[in-house]
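Enquirer: Mind having a look at this structure? Questions to follow.
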Amino acid sequence: MSAGFSPCALVPTYDNPLTIGLVVERVRFWLPNVLVVDDGSGESGRRAVQAIAATPGVHVHRRAKNGGKGAAVKDGFRIAHGLNFTHALQIDADGQHQVEDIPRFLEAARAQPEALILGAPLFDASAPKARIIGRQITRFWTNLETYGRRVIQDPMCGFRVYPLDAAIRAAAKGNAMDFDPEIAVLMVWAEVPIVNLSTRIRYLAREAGGVSHFRRVRDNALISWMHTRLVFGAILRLIFPT
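In this note's numbering, the protein residues as written are 23 to 264.
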């Protein structure tokens with residue numbers, strides 16, 4: 023890797039026993055250092071994570087209680103930074119992301135190490151319509167919160183590369199599904215460059231491990247509150263520029 027560019031993969035997982043092992047194996051083909059953050063999985067998910075804990079290059083951190091995807095990723099930031107990695111390639115544990123795009127994402131991060139590299143999903147027929155509609159709504163709000171700059175093509179995609187120093191400084195409050203859009207907006211506010219890269223997304227059937235942990239009522243409420251905070255924050259930034 024280039025001097026000053028030392029990336030690892032960051033895989034938050036919660037009860038993904040059917041997919042976590044394969045995801046880590048496929049990720050390691052492109053990126054040998056993988057940090058798995060187990061967000062308080064149940065017995066089967068915990069066993070699946072334990073089964074890969076001795077794999078060379080794999081570092082496992084287990085949270086005692088489930089705190090949400092954002093809480094797991096933020097723990098991962100701190101751990102990866104403490105291990106002297108400069109960047110974290112976040113990828114979901116459910117197998118929906120195209121790992122073959124990892125070299126392209128890493129090359130973009132290496133070429134522009136100060137930038138946040140965001141996945142811009144290309145969906146196939148497996149994508150639930152409700153997910154696509156939800157993304158369009160969130161995109162509307164993030165465009166508003168970034169003053170119509172439209173620099174964030176998709177605020178929800180969990181396939182991205184973070185410059186760790188900037189990600190930690192962003193200090194996102196969200197601990198659940200509100201985390202991904204919030205930290206992207208906060209990093210735009212901090213003048214972190216944004217690079218959007220297209221990537222194909224597939225949704226696996228439940229029997230193949232494609233289990234969603236999106237809690238419709240609670241997560242939608244958290245996302246709504248997050249956008250409320252960010253809209254008021256955007257207004258205050260206009261009134262009291264720093």
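Built from N, CA and C at the ideal position, the CB exists for glycine as well.
(1) Please state the DSSP three-state secondary structure of T35.
(2) Using the DSSP secondary-structure output, state which residues sit across from A142 in a beta bridge.
(3) Give me, in chain order, the residues of the same chain whose beta-carbon lies closer than 6 Å to that of I245; leave out the 5 immediate sequence neighbours on both sides.
(4) Going straight from the alpha carbon of D97 to that of I155, what length do you get?
(5) DSSP on R50, reduced to helix/strand/coil?
(6) Which residues in the same chain as V80 place their Cβ atom closer than 7 Å to its Cβ, once the five residues preceding and following it in sequence are excluded?
(7) Unbroken alpha helix (DSSP H) runs of length 4 or more, entirely within the segment 102–167: which are they?
(8) Check R84 in the structure and name its three-state DSSP category.
(9) Taking E167 as the reference, which of F254, G43, L219 and A193 has the closest Cα?
(10) Would you kindly work out how many angstroms separate the C-alpha atoms of D60 and G92, rounded to a whole number?
Expert: Looking at the coordinates:
(1) Per DSSP, reduced to three states, the secondary structure at T35 is strand.
(2) BP columns for A142 point to S220.
(3) By the criterion of a C-beta distance shorter than 6 Å, I245 is surrounded in its chain by D200, once the five residues flanking it on both sides are discounted.
(4) Going from the Cα of D97 to the Cα of I155 covers about 30 Å.
(5) It is helical.
(6) Around V80: V46, V56, V58 and I74.
(7) For the segment 102–167, whole alpha helix (DSSP H) runs of length 4 or above, ordered along the chain, are 124–133 and 151–167.
(8) In the structure shown, R84 sits in a strand (DSSP, three-state: E or B).
(9) The residue from F254, G43, L219 and A193 with its alpha-carbon nearest to that of E167 is F254.
(10) Per the coordinates, the alpha-carbon of D60 lies some 12 Å from the alpha-carbon of G92.
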